[in-house]
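These notes concern the structure reproduced below.
Residue numbers (the numbering used here): 79 to 245.
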């Protein structure tokens, strides 16, 4: 049961993601969470470093797609600025969100990774679909109220995963 919540990779942020490792795993597309993964929660400020990272991924032959439970206008704005597609109203961890993202990317589960900051939405959804799950630390402490509540459970789960040497 713990395997459904255990990321395949746990890193500080997306900039630590080794693109060569990703390609060695035959991954062709990455579904990326928006809030506290690409940008701080509720921010529209996209730094040049982020734009350069997305361009580097695309130049390396990786397809990207934002997958977020956030508001349509904000997701659309970020998607257009980063020049990558997005899934709107995704309702993660439901499978439909991840399937829609893979349809956009044109990838199969074994060719797809998910990068996100939440175990109960991003990692759980990815693992249920058989996707390569990458957990990053949240960029900010500012979050939606419900997310802050879930972080309490998440911290406990991370301690259990670490104690069992699963991450």
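Positions of the beta carbon are idealized from the N, C-alpha and C atoms, including for glycine.
Since the model is a prediction, treat every value here as computed from it, not as a measurement.
Residue 188 beta carbon less than 8 Å from that of residue 241: Here residue 241 refers to the residue found at position 163 when the chain shown is read from its first residue. Here residue 188 refers to the residue found at position 110 when the chain shown is read from its first residue. For residue 241 and residue 188, no; Cβs fall outside 8 Å.
Close beta carbons around residue 89, own chain, < 7 Å, minus the five adjacent residues each side: For the purposes of this step, residue 89 is taken as residue 11 along the chain shown, with counting starting at 1. Cβ within range, chain order: 95, 212, 214.
Neighbour-count burial assignment, residue 123, 16 or more Cβ in a 10 Å radius: Here the question's residue 123 lines up with position 45 in the chain shown. It counts as exposed.
Buried versus exposed call for residue 176 [16 or more other C-beta atoms within 10 Å across all chains shown]: Against the chain shown, residue 176 aligns to sequence position 98. Looking at its Cβ environment, which holds 16 or more other Cβ atoms inside 10 Å, residue 176 is buried.
Beta-carbon spacing of residue 197, residue 165 below 8 Å: What you label residue 197 is simply residue 119 of the chain shown in a count that begins at 1. What you label residue 165 is simply residue 87 of the chain shown in a count that begins at 1. Going by C-beta atoms, residue 197 is not nearer than 8 Å to residue 165.
Where the beta strand (DSSP E) through residue 107 begins and ends: Indexing the chain shown from 1 puts residue 107 at position 29. Per DSSP, residue 107 belongs to the beta strand (DSSP E) from 107-110.
Of the residues 113, 172, 98, 174, the one placed nearest residue 152, counting alpha carbons only: Numbered from 1 along the chain shown, position 74 holds the residue referred to as residue 152. Per the Cα distances, 113.
Cα-Cα separation, residue 173 to residue 97: Locating residue 173 in the chain shown gives position 95, where the first residue counts as 1. Locating residue 97 in the chain shown gives position 19, where the first residue counts as 1. In this structure, the straight-line span from the alpha carbon of residue 173 to that of residue 97 is close to 25 Å.
Exposed unless 16 or more other CB atoms sit within 10 angstroms - verdict on residue 141: Locating residue 141 in the chain shown gives position 63, where the first residue counts as 1. By the 16-neighbour rule on beta-carbons within 10 angstroms, residue 141 is buried.
Helix, strand or coil at residue 162 [DSSP, three-state]: Along the chain shown, one-based indexing puts residue 162 at 84. In the structure shown, residue 162 sits in coil (DSSP, three-state: anything other than H, G, I, E or B).
Close-in-space but distant-in-sequence residues of the same chain around residue 228 (CB under 8 Å, 5 per side omitted): Stepping through the chain shown from its first residue, residue 228 is reached at position 150. Only 196, 198 meet the Cβ criterion.
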